[in-house]
Amino acid sequence: MGTDVITMITSDHRAIEALFERLNSRQGDPEADVAELAALLTAHARAEEDRVYAEVQPSEAHHGVEEHKEAEVLLDALKHATPGTPQFSETLVKLVESVKHHVEEEESEILPALRESLSQKQLEQLGKAFKERRESELLALRPPAPSKEELYKQAQEADIPGRSTMDKDELAEAVKKAKS
1 MGTDVITMIT SDHRAIEALF ERLNSRQGDP EADVAELAAL LTAHARAEED RVYAEVQPSE
61 AHHGVEEHKE AEVLLDALKH ATPGTPQFSE TLVKLVESVK HHVEEEESEI LPALRESLSQ
121 KQLEQLGKAF KERRESELLA LRPPAPSKEE LYKQAQEADI PGRSTMDKDE LAEAVKKAKS
């Protein structure tokens, strides 16, 4: 038995909420967290719009698309804000509120309506289509991993000891630790 679309959508919602918590707690690398958030939110929204919204009432689909557009504008502003500044914090608060509202509506109205109107097999087929669309978006949106040379330069800037003897994976881990 495959995973149904409702499980996949709610799983994404929890992952997005976890990223919001990490950004609000100021733990980790805010630039990396914003990049991950941007990729996940965008891929999730496009997969919903392309695969899921065809199965819901047109007015609900239109409302969902409008909420996605609002989140994209706020996400773009967040990507261009400097972490730790009032602009970053204020934009993050607005984005969290916008996405929280969307998630609450979706989980209390749209997803229960889908569960009622589609069979388990249809939900699983829709889940497969959602997953494929989401994964293709994630591949297109995520930046390529840095080269060993780029990681070495970052390790040098962070003054990480032993960097000259590290392989690429060790450099990546050391740079990640230095940023958190």
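Note that the UniProt record's numbering gives residue 69 to position 69 of the sequence shown, counting from 1, and the numbers run on in steps of one.
All C-beta atoms, glycine included, are put in the ideal place defined by N, C-alpha and C.
Item                                                                                                                                                                                                        : Value
So for Pro144, helix, strand or coil by DSSP?                                                                                                                                                               : coil
Could you tell me which of Leu118, Ala113, Val65, Leu40 sits nearest to Asp50, measuring between CA atoms?                                                                                                  : Val65
Could you name each continuous beta strand (DSSP E) segment of 3 residues or more that falls completely within the UniProt domain "Hemerythrin-like" (5–114), going from the start of the chain to the end? : none
What does the Cβ neighbour count give for Thr165, buried or exposed, with the cut at 16 atoms within 10 Å?                                                                                                  : exposed
Roughly how many angstroms separate the alpha carbons of Ala71 and Ser98, rounded to a whole number?                                                                                                        : 6 angstroms
Ends of the alpha helix (DSSP H) at Ala178?                                                                                                                                                                 : 168–179
Could you pull out every residue in the same chain whose Cβ sits closer than 8 angstroms to the Cβ of Asp29, ignoring the five residues on either side in sequence?                                         : Lys176, Lys179, Ser180
Pull up the distance between the alpha-carbon of Asp167 and that of Leu40, whole angstroms please.                                                                                                          : 29 angstroms
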